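Using our numbering, read the sequence shown as starting at 2 and increasing by one per residue. Everything on this sheet refers to the single structure shown next.
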Amino acid sequence: AQQIALTRPSLVRRLVLASSAPQGADGMHGWAPEVIDAVGNPETSPEEYLSVFFTGSPASLQAGRQTLQRIYGARSEDRDTVTNWATREAQYDAVCTWGIPDHAKLQRLSCLRMPVFVANGDSDPMILPHYSHLLAGLIPQARVKIYPDSAHGFLFQHHAEFAADVDAFLGGPR
């Protein structure tokens with residue numbers, strides 16, 4: 002989304018960036034070892050998924066289990082194809098490339114002139130919250146919201162609040 006807004010800004014009236022970091026930020030070249038341990042293998046258990054996408058609090062874990070139930074229990078037909086290991090490896094390669102430190106790539110975010118809503122969980126181990134603040138600080142019309150007691154899956158855990166926040170942001174003054 003950041004790249005589209007930079008390359009074709011006339012196509013983007015408002016931009017929502019969820020669990021996103023600025024390209025070129027120091028420290029973004031790969032995931033933390035605990036994230037790799039949890040999701041960096043071909044088979045990820047529900048508990049491993051929960052450890053990255055939700056915090057260890059009872060409320061967050063309950064929200065995580067409810068999310069898994071919505072994803073896997075809602076229907077058995079017309080489901081998306083499950084991603085394979087090659088797809089997940091390609092995504093990680095893209096994450097690593099995105100995270101190569103590059104000051105020029107950070108600076109180009111100042112060219113974004115549309116309103117931007119940056120959101121993240123306060124305990125996201127994949128995209129640390131300070132990257133959300135950095136991202137918002139580099140974009141002139143950005144605002145940031147960090148959702149409490151949540152991780153990379155904050156938008157699933159706080160789905161009603163996040164949806165209301167996005168709706169208010171998208172419906173704001175033009």
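By construction, the Cβ of each residue, glycine as well, lies at the ideal position given by its N, Cα and C atoms. From a predicted model like this one, the values you see are computed outputs, not experimental measurements.
Subject >> Residue range of the unbroken alpha helix (DSSP H) whose run includes Ile147 >> reply: Per DSSP, Ile147 lies in no alpha helix (DSSP H); the unbroken beta strand (DSSP E) holding it starts and ends at Ala143 to Tyr148.
Original post:
CB Thr68 to CB Asp150, shorter than 7 angstroms?
Top reply: No, the pair does not count as a contact, with Cβ atoms beyond the cut-off.
**OP:** Could you tell me which of Gln158, Ala152 and Phe157 sits nearest to Val53, measuring between CA atoms?
**Re:** Checked all of Gln158, Ala152 and Phe157; the closest Cα to Val53 is Ala152.
**OP:** Taking Arg109 as the reference, give the member of Arg14, Ala26, Leu12 and Leu18 with the closest Cα.
**Re:** With respect to the C-alpha of Arg109, the residue from Arg14, Ala26, Leu12 and Leu18 having the closest C-alpha is Ala26.
Subject >> DSSP-derived helix/strand/coil call for Leu135 >> reply: Here Leu135 sits in helix by DSSP.
Original post:
Which residue spans inside the stretch 16 to 86 form an unbroken alpha helix (DSSP H) run of at least 4?
Top reply: Counting only runs of 4 or more, we get 34 to 40, 47 to 54 and 59 to 74.
**OP:** Pull up the CB-CB distance for Met127 and Val13, whole angstroms please, since I reckon it's below 8 angstroms.
**Re:** About 24 angstroms; that fails the 8 angstroms criterion.
Original post:
Alpha carbon to alpha carbon, what distance is there between Pro102 and Tyr58?
Top reply: The sequence as given places Ser at residue 58; Tyr does not occur at that position. Rounded to the nearest angstrom, the gap between the Cα atoms of Ser58 and Pro102 is 33 angstroms.
Subject >> DSSP three-state assignment for Val96, whether helix, strand or coil >> reply: Correct three-state label for Val96: helix.
**OP:** Quick one: grab the DSSP three-state call for Ala2.
**Re:** Residue state for Ala2 is assigned as coil, using DSSP reduced to three classes.
Original post:
So, are the CB atoms of Ala2 and Leu156 less than 7 angstroms apart?
Top reply: 7 angstroms or more divides the Cβ of Ala2 from the Cβ of Leu156.
Original post:
Should Gln158 and Ala75 be called a contact, given that it needs their Cβ atoms to be closer than 7 angstroms?
Top reply: Cβ distance not < 7 angstroms, so Gln158 and Ala75 don't count as in contact.
Original post:
By DSSP, does Leu120 sit in helix, in strand, or in coil?
Top reply: Per the sequence shown, residue 120 should be read as Ala rather than Leu. Taken through DSSP and simplified to helix, strand or coil, Ala120 comes out as strand.
**OP:** Under 6 angstroms Cβ to Cβ from Ala165, same chain only, skipping five residues before and after it: list those, please.
**Re:** Cβ neighbours of Ala165 beyond the five flanking positions: none.
Subject >> Integer-rounded CB distance, given that Val17 should sit under 8 angstroms from Val145 >> reply: Between Val145 and Val17 the beta-carbon gap is near 12 angstroms, outside 8 angstroms, which marks them as no contact.
Subject >> Rounded C-alpha distance that separates Gln142 from Ser77 >> reply: Gln142 and Ser77 have their C-alpha atoms spaced approximately 42 angstroms apart.
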